[in-house]
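One structure below.
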Ligand SMILES: Cc1cc2nc3c(=O)[nH]c(=O)nc-3n(C[C@H](O)[C@H](O)[C@H](O)COP(=O)(O)OP(=O)(O)OC[C@H]3O[C@@H](n4cnc5c(N)ncnc54)[C@H](O)[C@@H]3O)c2cc1C
């Protein structure tokens, strides 16, 4: 086995996903403790240029038309071939739809351990995971076998994994993919008729703490006054109180506003995944232990209904009306 730390680079529609930069930053920390290099595995079709802004030592490039859009079967076969050839010390996957699909099936196939929900590499080189909705932190050592690590955002900023271009690029011979059971027929873009929250500068986000559909109006008033847009966590969307286009997080959109004002959102990892690009997060929650406070620049421990009216008045007064 080598001491090198590998990162499976995720990209969608020609753009490297933020989680790939975050994994690269974590892999750099881990590689320092293990004494190896940081190696990216970049699979796709005509994706070579995506390596240029990643702070990797080396890239293993696997290009094939059937690797163009993510396909579990095709990507897994290619990754297994890469692992057989290079025997990495550890491999980072995103705790994303793509990464979870790959890491769990590869761990089962190879009978190798997987450490889930890694948020940071500790100063001692341990893999720190945030589990139980952020209430428990655990430290794990790498096993003697190749260890898979599934990474969540929150511990590193994407910029920490940016840099490059890598010193070396190795073109990897993609194995035979002629008998794939599933092939991607078409990539379907989501409905874009609503406002694109990923481009908004000011977002007011509501969670289950908003309690009823009628209360959404209150949050909308606040968003209007701030010149912002309303978005939400999953329970609010599942209730049908706002359209799916306003969902923030793992199954919704990643946002990067100047201000993300969160009202009654606990900060589950699936939600935090979508907000790490925000410049300033302000969290309002009545529970002092809510994990959202761990990522917020400003936290207000209060019942949101005690806050909104006085806040509206203050903003109106500040605006001179
Ligand atoms: C595969 C998968 C994908 C997912 N994708 C997403 C996703 O994309 N986006 C997403 O958001 N979630 C997603 N989830 C769900 C996620 O795990 C959480 O369940 C969800 O984010 C919780 O939403 P919440 O914070 O609004 O609700 P809760 O976790 O119930 O939190 C409500 C918060 O409101 C606070 N509160 C209650 N009343 C008040 C009050 N009066 N004043 C102030 N604070 C109050 C509470 O203290 C609590 O912290 C996903 C889950 C899975 C399994």
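Residue numbers (this note's numbering): 744 to 1064. Note that beta-carbon positions come from the ideal geometry of N, C-alpha and C, so glycine has one too.
- Message: So residue 883 and residue 838 are supposed to be a Cβ contact under 8 Å. How far apart are they, rounded?
- Response: Actually they are not in contact, since the Cβ atoms of residue 883 and residue 838 sit about 15 Å apart, beyond 8 Å.
- Item | Host beta strand (DSSP E) of residue 873 (start-end) | 870-874
- Item | Reduced DSSP secondary structure (H/G/I, E/B, other) of residue 911 | strand
- Item | Short Cβ contact (8 Å threshold) for residue 817 with residue 965 | no
- Please work out which residues of its chain come closer than 8 Å, Cβ to Cβ, to residue 954, disregarding the five sequence neighbours upstream and downstream, and give them in chain order. 1007
- Message: Can you tell me whether residue 807 is helix, strand or coil according to DSSP?
- Response: coil
- Message: Please classify residue 792 as buried or exposed, where buried requires at least 16 other C-beta atoms within 10 Å of its C-beta.
- Response: exposed
- Can you round the beta-carbon distance between residue 759 and residue 797 to whole angstroms, since I take them to be within the 8 Å contact cut? 7 Å
- Query: Is residue 747 closer than 8 Å to residue 832 when the C-beta atoms are compared?
  - Reply: yes
- Item | residue 850 in three-state terms, based on DSSP | helix
- Task: Can you tell me which of 972, 971, 983 and 968 puts its alpha carbon nearest to the alpha carbon of residue 956?
- Result: 983
- Message: Between residue 949 and residue 975, how many whole angstroms is the CB-CB distance? I'm expecting something under 8 Å.
- Response: 5 Å
- Query: Is residue 1039 near ligand 1, judged by its Cβ being under 7 Å from some heavy atom?
  - Reply: no
- So is the beta-carbon of residue 860 under 7 Å away from any non-hydrogen atom of ligand 1? no
- Where does residue 840 sit, in a helix, a strand or coil, going by DSSP? helix
- Message: Judging by CA-CA distance, which residue of 951, 1005, 992 and 802 is the nearest neighbour of residue 907?
- Response: 802
- Query: Which of helix, strand or coil does DSSP assign to residue 917?
  - Reply: coil
- Looking at the unbroken alpha helix (DSSP H) that takes in residue 819, where does it start and where does it end? 815-829
- Take residue 992 and list the residues in its own chain whose beta-carbon comes closer than 6 Å to its own, dropping the five residues that flank it on each side. 1013, 1014, 1016 and 1017
- Look at the alpha carbon of residue 935 and the alpha carbon of residue 972, and state the distance between them as a whole number of angstroms. 15 Å
- Would you list the residues sitting across from residue 1098 in a DSSP beta bridge? No statement about residue 1098 is possible, as the shown extent of the chain runs from 744 to 1064 and does not include it.
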